[in-house]
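Structure representation (structure tokens):
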């Protein structure tokens, strides 16, 4: 099930379907990729990250073994330095959940809490280089455990969001510049984090308004508000949403099959700005939507096939509606949770 303020973490139970719906460089030997493999490296080298599920004596399940990265070339790599279980505010492992982890949209970076010292890091994969950037110490407020936190990287992996929920139920998002390994700001309280803009310069937040309405707001990397609106129901009822690099245009999908439309809404003017028709499989749920170009959005569609999910990554031209399948894969069986790269 999707946490209401967290990016998607999926497991064997599937996802509640919506309507359509780091500068210190360290050598970390835990993850070894052969040099020859780097020569073959390409964008989106990480398909998804996952962790195994093991039974407990009480009949429930727990994350076990280690996080693994499934790569585009078919290899599977163990991420042994990543924490498996998150720590509570009292420093105890929460074995009912997997520790926060996220993969960037371009599939070249992964962020997690490091097992050896509990530091928040971003590991990058760029050609023949694999660097680990360590974020500032104590990224979470006192009294907040990792089990109340989640992570999200921008499309290019240059920005990192760390969201957390305090004891009083309030949610905030701390933002980081990965290259400088520094925090840039914290957003106001929010009900949900919808993601980074296409270029990572801003974030889109969701807020509950009066009379059961949903509000959307755009914030820069310091947390300052750039635009906000209470959109019409056709926007509010059809998340997830994706924010363009212009920091104001939101893309979302309505309908199924041949009646599907990719629609656009301007948060700054509170006005719809057009739509384009395209074809969408009727048996798939829209898991993620991201702007991956000036005139392109990328959709992650999920179909449940028994105990395994099949993920299709679809590129859509925002001007013509022309679609192209970028990738399609079946998530390995026995996973407690998995996280796909974004766009």
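In the working numbering, the protein residues as written are -17 to 325.
We put the beta carbon where it would ideally sit given N, CA and C, even for glycine.
Nearest to residue 317 by C-alpha distance, out of 202, 290, 302, 308, is 290.
The Cβ atoms of residue 112 and residue 180 lie no closer than 8 Å to each other. Taking C-beta separations shorter than 7 Å and ignoring five residues to either side along the sequence, the partners of residue 282 in its chain run 269, 270, 293, 295, 322, following chain order.
The segment 138 to 147 and the segment 186 to 193 do not touch, with fewer than 3 CB-CB distances between them shorter than 8 Å.
Every beta strand (DSSP E) stretch that sits fully inside the segment 54 to 115 and reaches 3 residues is listed by chain position as 58 to 61, 83 to 85, 91 to 95, 102 to 108.
Partner residues in the beta bridge of residue 271, as assigned by DSSP, are 281.
For residue 243, same chain residues with a beta-carbon under 8 Å away, outside a window of 5 residues either side, are 235, 236, 237, 257, 258, 259, 260 in chain order.
DSSP places residue 218 in the uninterrupted alpha helix (DSSP H) bounded by 215 to 218. Distance between residue 119 and residue 44, taken at the CA atoms: about 28 Å. The C-beta of residue 203 has 16 or more other C-beta atoms within 10 Å across all chains shown, which makes the residue buried. Within the segment 175 to 208, complete beta strand (DSSP E) segments of at least 3 residues are found at 184 to 190, 196 to 202, given in chain order. As computed with DSSP, residue 322 is found in a beta bridge with 30. Nearest in C-alpha terms to residue 264, of all of 240, 156, 312, is 240. Annotation: residue 249 to residue 74 spans about 42 Å, alpha carbon to alpha carbon. Leaving aside the five residues that flank residue 277 on each side, the residues in its chain whose CB is nearer than 7 Å to its CB run, in chain order, 299, 300, 301. Taking a cut-off of 8 Å for Cβ pairs, the segment 61 to 70 and the segment 90 to 100 touch, as three or more such pairs fall below it. Under the DSSP definition of a beta bridge, residue 257 partners with 245.
Taking all protein chains shown into account, residue 134 has 16 or more neighbouring C-beta atoms within 10 Å of its C-beta and is therefore buried. Between residue 224 and residue 173 a beta carbon distance of about 18 Å is seen, past the 8 Å cut, so the two are scored as non-contacting. Closest by C-alpha distance to residue 201, out of 151, 167, 254, is 167. In the DSSP assignment, residue 149 is bridged to no other residue. Contact between residue 145 and residue 71 fails: their C-beta atoms lie close to 16 Å from each other, not under 8 Å. Here residue 176 is buried, its C-beta having at least 16 other C-beta atoms within 10 Å. Between the alpha carbons of residue 254 and residue 303 lies a gap of roughly 17 Å. The Cβ-Cβ distance between residue 31 and residue 48 does not fall below 8 Å. Non-local C-beta neighbours of residue 195 in its own chain, meaning closer than 8 Å and more than five positions away in sequence, comprise 212, 218, ordered along the chain. Secondary structure note for residue 231: its beta strand (DSSP E) is the uninterrupted segment 231 to 236. The shortest CA-to-CA distance from residue 309 to any of 148, 88, 216, 288 is the one to 88.
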